[in-house]
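A short worksheet on the structure shown next.
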């Protein structure tokens, strides 16, 4: 009886361990739109924070797992490039040196240049001045959707 | 009036010498040649091509590389590998060394010599590719292999990394 009990416990532990390892190896990507935003701010505030102190901003907004902060960010549409797989929206105020380039996974409704909109997405990298590009590079936000 | 007329060629020349095009449309794909399922795509980047100097630049956010497997993406970004918090972008800065006429439609086989910077390590590389010019639109395509170990990547999967990119300007 004791032997059977040991066998059953061993099987249960083995099955549990196998399932845990499988779930760990095949974990899903985070659903950005179903996850609560870490920060709500304007594009101007975000850009200024990065230009003032990029190292501190990287530590604040980026995560070493690649699952960086989710932003709800409001800005003025500077450019909208619709595509079949995704569309690209650049949010930037005329008075700012840089903006945010957002990838919207689903082709979205038409956005007029000059519209003020709010998007939610995950940050990939912040804005900065690049000597080689000889221009300010926008921040990158992906898996975004327009929420307002 | 004569002075004003003299300024016109200078004005035209200044426009000609500052002709550059910026792209944020395209894709950068990488794949380990040592383990086929280690691969990812990035659709966020900024590239600039100067049609006068033939300088071409790509700036790519490391965290923009999307893997099919979430765990692989986490390992890719962590401190032991790409360290994407300390080094959030990779960069290529090069010059097209082949003959190309940006004013004439066509498909040009080109060679680009330049420097790749990953994890703050910069190495010289030469890549071959094609540049297609049609109706004022420029499309750049290239596939090349870099040894990841050159950039301090110690994982065996980074021994040979094939990079395929295209960008539309």
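Chains as they are written, first to last, in the numbering used here: chain Y, 1 to 148; chain E, 1001 to 1169.
Where a beta carbon is used, it is the ideal one built from N, C-alpha and C, also for glycine.
Listed by chain order, chain Y residues near residue i by CB distance under 9 Å
i: residue 1064/E; result: 103, 124, 125, 140, 142
i: residue 1073/E; result: 29, 65, 66, 67
CB contact below 8 Å: residue i versus chain E
i: residue 53/Y; result: no
i: residue 137/Y; result: yes
i: residue 10/Y; result: no
i: residue 81/Y; result: yes
i: residue 62/Y; result: yes
Simplified DSSP state of residue i, which is helix, strand or coil
i: residue 1124/E; result: strand
i: residue 113/Y; result: coil
i: residue 18/Y; result: helix
i: residue 1035/E; result: coil
i: residue 2/Y; result: helix
i: residue 121/Y; result: strand
i: residue 1066/E; result: strand
i: residue 1050/E; result: strand
i: residue 64/Y; result: coil
i: residue 57/Y; result: helix
Any chain Y beta carbon closer than 8 Å to residue i
i: residue 1031/E; result: no
i: residue 1140/E; result: no
i: residue 1023/E; result: no
i: residue 1077/E; result: yes
i: residue 1121/E; result: no
i: residue 1039/E; result: no
i: residue 1112/E; result: no
i: residue 1128/E; result: no
i: residue 1036/E; result: no
i: residue 1048/E; result: yes
i: residue 1010/E; result: Here residue 1010/E scores only 49 on pLDDT, less than 50, and its place in the model is too uncertain to base an answer on.
i: residue 1163/E; result: no
Residue i versus residue j - alpha carbon distance
i: residue 1037/E; j: residue 58/Y; result: 29 Å
i: residue 1015/E; j: residue 47/Y; result: At residue 1015/E, the pLDDT of 46 sits below 50, so the modelled position is not reliable and the matter cannot be decided from this model.
i: residue 11/Y; j: residue 5/Y; result: 10 Å
i: residue 1021/E; j: residue 1140/E; result: 12 Å
i: residue 1074/E; j: residue 34/Y; result: 20 Å
i: residue 1068/E; j: residue 3/Y; result: 44 Å
i: residue 1168/E; j: residue 1090/E; result: 19 Å
i: residue 1148/E; j: residue 1164/E; result: 15 Å
i: residue 67/Y; j: residue 141/Y; result: 12 Å
i: residue 132/Y; j: residue 1093/E; result: 7 Å
i: residue 1113/E; j: residue 1124/E; result: 8 Å
i: residue 41/Y; j: residue 1098/E; result: 46 Å
i: residue 49/Y; j: residue 1043/E; result: 25 Å
i: residue 97/Y; j: residue 1158/E; result: 37 Å
i: residue 147/Y; j: residue 53/Y; result: 29 Å
i: residue 1136/E; j: residue 1102/E; result: 8 Å
i: residue 1155/E; j: residue 1118/E; result: 15 Å
i: residue 1166/E; j: residue 1142/E; result: 7 Å
i: residue 18/Y; j: residue 7/Y; result: 16 Å
i: residue 1041/E; j: residue 13/Y; result: 38 Å
i: residue 1027/E; j: residue 138/Y; result: 17 Å
i: residue 1160/E; j: residue 114/Y; result: 45 Å
i: residue 1120/E; j: residue 1039/E; result: 22 Å
i: residue 36/Y; j: residue 120/Y; result: 10 Å
i: residue 74/Y; j: residue 56/Y; result: 22 Å
i: residue 112/Y; j: residue 89/Y; result: 10 Å
i: residue 38/Y; j: residue 136/Y; result: 25 Å
i: residue 23/Y; j: residue 1085/E; result: 26 Å
Under 8 Å between C-beta atoms of residue i and residue j
i: residue 1056/E; j: residue 1096/E; result: yes
i: residue 20/Y; j: residue 1078/E; result: no
i: residue 1083/E; j: residue 1153/E; result: no
i: residue 1115/E; j: residue 1126/E; result: no
i: residue 1162/E; j: residue 1071/E; result: no
i: residue 1019/E; j: residue 1051/E; result: yes
i: residue 1065/E; j: residue 1076/E; result: yes
i: residue 15/Y; j: residue 100/Y; result: no
i: residue 62/Y; j: residue 78/Y; result: no
i: residue 116/Y; j: residue 70/Y; result: no
i: residue 1061/E; j: residue 125/Y; result: yes
i: residue 964/E; j: residue 1049/E; result: No information on residue 964/E is available, as it lies outside the stretch 1001 to 1169 that chain E covers here.
i: residue 106/Y; j: residue 72/Y; result: no
i: residue 1110/E; j: residue 1100/E; result: yes
Closer than 7 Å at the beta carbon, the chain E residues around residue i
i: residue 130/Y; result: 1059
Under 7 Å from the C-beta of residue i: neighbouring residues of chain Y
i: residue 1070/E; result: 27, 28, 29
i: residue 1089/E; result: 125
Chain E residues whose Cβ lies nearer than 9 Å to that of residue i
i: residue 88/Y; result: 1024, 1025, 1043, 1044
Partners in chain B for residue i, counting only beta-carbon separations shorter than 9 Å
i: residue 146/Y; result: Reference to chain B is not applicable here, since the protein chains of this structure are Y and E.
Contacts that residue i makes with chain Y (C-beta to C-beta distance below 8 Å)
i: residue 1093/E; result: 132
i: residue 1085/E; result: 58, 59, 62, 63, 64
Contact list for residue i against chain E, beta-carbon separation under 8 Å
i: residue 24/Y; result: 1071
Proximity test, residue i beta-carbon vs the ligand NAP heavy atom, cut-off 7 Å
i: residue 77/Y; result: Within the structure as shown, the ligand NAP is missing, as the structure has no ligands at all.
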